[in-house]
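Visitor: Be aware that the sequence shown starts at 46, since it is given in my numbering, and climbs by one per residue. Where a beta carbon is used, it is the ideal one built from N, C-alpha and C, also for glycine.
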Amino acid sequence: GTDLGVFGAHDNVYFGRVEDGTLESEFSGNLTEVCPTGVFTDKTHSERYNRKWDMQFSPSICHGCSSGCNISPGERYGELRRIENRFNGSVNQYFLCDRGRFGYGYVNRKDRPRQPLLANGAKLTLDEALDKAADLLRGRNIVGIGSPRASLESNYALRELVGAEHFYSGIEAAELERIRLVMQVLKDSPLPIPNMRDIEDHDAIFVLGEDLTQTAARMALSLRQSVKGKAEDMADAMRVQPWLDAAVKNIGQNALNPLFIASLAETKLDDIAEECVHAAPDDLARIGFAVAHALDASAPAVEGLDAEALELAKRIADALLAAKRPLIIAGTSLGSKALIEAAANIAKALKLREKNGSISLIVPEANSLGLAMLGGESVDAALQAVIDGKADAIVVLENDLYTRTDKARVDAALNAAKVLIVADHQKTATSDRAHLVLPAASFAEGDGTLVSQEGRAQRFFQVFDPTYLDASILIHEGWRWLHALRATLLNQPIDWTQLDHVTAACAASTAQLAGIVSAAPSAAFRIKGLKLAREPLRYSGRTAMRADISVHEPRTSQDNDTAFSFSMEGYSGSVEPRQQVPFAWSPGWNSPQAWNKFQDEVGGHIRAGDPGTRLIESTGDSLNWFASVPRAFNPAPGTWQVVPFFHLFGSEENSSKAAPVQERIPAAYVSLAKSEADRLGVNDGALLSLSVAGQTLRLPLRINEELGAGLVALPAGIAGIPPAIFGKSVDGLQEAAQ
């Protein structure tokens, strides 16, 4: 970005902004790792500071979006203190976005359920909770509602508890349809799926509908690298190495590879784009279909497209054809299947023109793609089954139903249900209605597998055992609770005694998930007979940590699920190759620069291979043309379509519960085009009243110069904005009475 500067006066050097204020960058936290002197520090860590070598780490995966970035969370005294970047040469490499780095505070919240709770607030023991849950469910018709923020293992355990025909994904119906379409396109597309590093090697990019800096921020950073490839090619022609940054910039003179962005309004990537177009989702899709037709005449044509849009489509098509490796990016965020279908048509057309390109499609959450592979219908279907009397008991896994669909619909289902059991690590509006709450583990207290938007299955590992410092805590992984509940109901012994058992069972259940077993080493993995250490060799204070509880030091927690130990005992070196590295340290290398000891070359790949395994690979061109081109957007007079604006801070449920993120979340607002505001006779900041889907909202106005007429934009995921409102029609919009 342009917000950070280096300023000097005589022998004083200052790194920072020209004026006081928050650093306006979605990647500001990376300064804490890049800075060689410690000038920049992690404020969230400084507030509860301890030395880096006094923390317990594990290899983990960011749950903030579907990118699948690798992280190293650090724990001390039973709470997360910081998150560091974990190098994966195929995914995030050295960088994280600020949502992933600073959004971990929800793990430490005081209002989390830590013991099983009845509706009256009474706490239960583990055995009492299982017996109570079994009594509540016995003889009932049960539906299980999973979650795209829960691991594959936990979702599979829920499916086993209720039966595959009664398992529901916990995703809203239209969104689930879009995710399934993404899965179909990625599998059947003639073009391969790029990983985050591959994206940097493309030389022409068309982003269709996504505001990447807000929906997949790390991918946006890769795009910034990809457009710089033009200058590197010019430098290469003059035999200048790409690592000579100043020389490359001097040769390039701001020359960039072509990037075209078709979005609702301005994005943070517009500054590097060759051309941008802002329009309604249907009109953006029409441009996408027109690009496909311009690439190959056998693709469906777009009727009634104006000359300006046709010329733009031709320019985009020409740039993609002129490139060696064109890239198409689209996704689900705008709620439009047509955008995904248009991207698929462009990919097919490029292949027919023998272009060696790629296609990348963004899905909403950390495990959206994995849950779609596992199966299960929508949350709407589950709620309808309860409302219709086909089921009278609901088991909800790590999901707040009120964030998924219409509140009245959720209320109707929960009122009709005789039993509601919730397994979650957060206090939510859904858990507040539960007859029994089972305290599930967050990513910091449990293990599991996620599938990223790339189709990469990756394992996250438990950072710490919360019971070591507080024996009253009864937090367990969702899959442990649900499997134990099934065993209690059926009066059978528990046969999943470690993570490998449930992972293997899940892999065997669905052909598409067969590869998840190889996503990480098993619990039997050893190096020279040693488990892998979660703590650095210099870890101090272990014997004193529990001295306020007892002067007798207990045995450290034993991890039967993984190849890691909850101590500094074990292998922590860099000589023996290993994929899963909890923390990067080597003698003489105390900073993140220590990652060079684990790489095949600096900035390359992990010597043992980058973690994770791909579950989706293109099987060749088995896609037919998508021919359902939407009509041009033309709302009736006096009506507007609701579209979402996404915010890196605020549009994701769990990170929004972290205090540092909450400071950056915008208040709810409504955004209109300048022409619409002028027609209504209102100015920026005016309070507007909106009538949509039977609800009335009163929100302050933000005028957006780039937003199209006939559109009303609301911030997705922000408190005060109903989740089921997007795509609906506003039939009443006026200045609110004061």
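#1: Rounded to whole angstroms, what's the CA-CA distance from ALA354 to GLY333? Just pull it up for me.
#2: The alpha helix (DSSP H) that contains ILE361, what's its start and end?
#3: Buried or exposed for ASN871, going by 16 or more other Cβ atoms inside 10 Å?
#4: At the level of alpha carbons, what is the spacing between SER192 and PRO599?
#5: Spatial neighbours of LYS88 within its chain, please: CB distance less than 8 Å, with the 5 preceding and 5 following residues excluded, ordered by chain position.
#6: What number of angstroms, rounded off, separates the C-alpha of GLY148 from the C-alpha of ALA342?
#7: Note down the Cα distance separating SER497 from ARG504, rounded to an integer number of angstroms.
#8: So which of ASP666, LYS155, GLU780 has the shortest CA-CA distance to ARG724?
#9: Taking just the CA atoms, how far does ALA438 sit from GLY184?
#10: Please list the terminal residues of the continuous alpha helix (DSSP H) segment that includes ALA179.
#11: How is the alpha helix (DSSP H) around TRP98 delimited, first residue to last?
#12: Considering only residues of the same chain and omitting the five flanking positions on each side of LEU309, which have a CB-CB separation below 6 Å?
#13: What is the rounded straight-line gap between the Cα of ARG131 and the Cα of ASP655?
#14: Return the first residue and the last residue of the beta strand (DSSP E) that SER774 is part of.
#15: Would you report the Cα separation of LEU416 and ASP281, rounded to the nearest angstrom?
#16: Quick check: the region 526-536 against the region 174-188, are at least 3 beta-carbon pairs closer than 8 Å?
#17: Please go through the same chain and pick out, in chain order, the residues whose beta-carbon is closer than 6 Å to the beta-carbon of ALA468, but skip the five residues on each side of it.
#18: In whole angstroms, what is the alpha-carbon distance linking THR601 and THR588?
#19: Measure the alpha-carbon distance for PHE251 versus ARG652 and round it to whole angstroms.
#20: Count the other CB atoms within 10 Å of the CB of TYR94; is the residue buried (16 or more) or exposed (fewer)?
#21: Leaving out five residues on either side along the sequence, give the residues of the same chain with a beta carbon under 6 Å from the beta carbon of ASN749.
#22: Taking LYS576 and GLY615 to be in contact with their CB atoms under 8 Å, please state how far apart those CB atoms are, rounded to whole angstroms.
#23: Just how far apart, CA to CA, sit ASN165 and HIS480?
#24: Only counting the same chain, and skipping five residues up and downstream in sequence, which positions put a Cβ closer than 7 Å to that of GLY730?
#25: Return the CA-CA distance between VAL674 and LEU226, expressed in angstroms with no decimal places.
#26: Based on Cα-Cα distance, which residue from VAL188, ILE216, SER196 lies nearest to GLU210?
#27: Could you tell me which whole alpha helix (DSSP H) segments of length 4 or greater appear in the region 603-637?
#28: Figure out for me which residue from ARG127, SER103, GLY123 has the closest Cα to the Cα of GLU92.
#29: Which value, in whole angstroms, describes the spacing of the CA atoms of GLY649 and SER135?
#30: Kindly list the residues whose CB is nearer than 6 Å to the CB of ARG709, restricted to its own chain and excluding five residues on each side of it in sequence; keep chain order.
#31: Which partner residues of THR658 appear in the DSSP bridge assignment?
#32: Pull up the distance between the alpha-carbon of VAL336 and that of ALA330, whole angstroms please.
#33: So ILE373 is in the beta strand (DSSP E); what residue range does that whole segment cover?
#34: Apply the 10 Å Cβ neighbour rule to GLY753 and answer buried if 16 or more other Cβ atoms are within range, or exposed otherwise.
#35: Measure the C-alpha to C-alpha separation of ILE224 and THR377 and round it to an integer number of angstroms.
#36: Does THR260 pass the burial test, meaning 16 or more other C-beta atoms within 10 Å, or should it be called exposed?
Guide: Taking the geometry as given:
#1: 10 Å
#2: 352-367
#3: No answer is possible for residue 871: the residues shown for the chain start at 46 and end at 783.
#4: 36 Å
#5: The residues are PRO705.
#6: 47 Å
#7: 11 Å
#8: The option with the nearest alpha carbon to ARG724 is GLU780.
#9: 10 Å
#10: Its alpha helix (DSSP H) spans residues 171-182.
#11: Here TRP98 belongs to no alpha helix (DSSP H), and DSSP marks it neither H nor E.
#12: VAL688
#13: Rounded to whole angstroms, the separation of the alpha carbons of ASP655 and ARG131 is 11 Å.
#14: 774-780
#15: 44 Å
#16: Touching, yes.
#17: Contacts found: LEU442, LEU483, ALA485, GLY523, TRP526.
#18: 10 Å
#19: 33 Å
#20: exposed
#21: ALA310, SER716
#22: 4 Å
#23: Approximately 8 Å between the Cα atoms of the pair.
#24: PRO745, LEU746
#25: 16 Å
#26: VAL188
#27: Annotation: the region 603-637 contains no complete segment of the alpha helix (DSSP H) (minimum length 4 residues).
#28: ARG127
#29: 9 Å
#30: PHE694
#31: Paired residues: ALA502.
#32: 10 Å
#33: 371-376
#34: buried
#35: 7 Å
#36: A residue is called buried when at least 16 other Cβ atoms come within 10 angstroms of its Cβ; THR260 meets this threshold and is buried.
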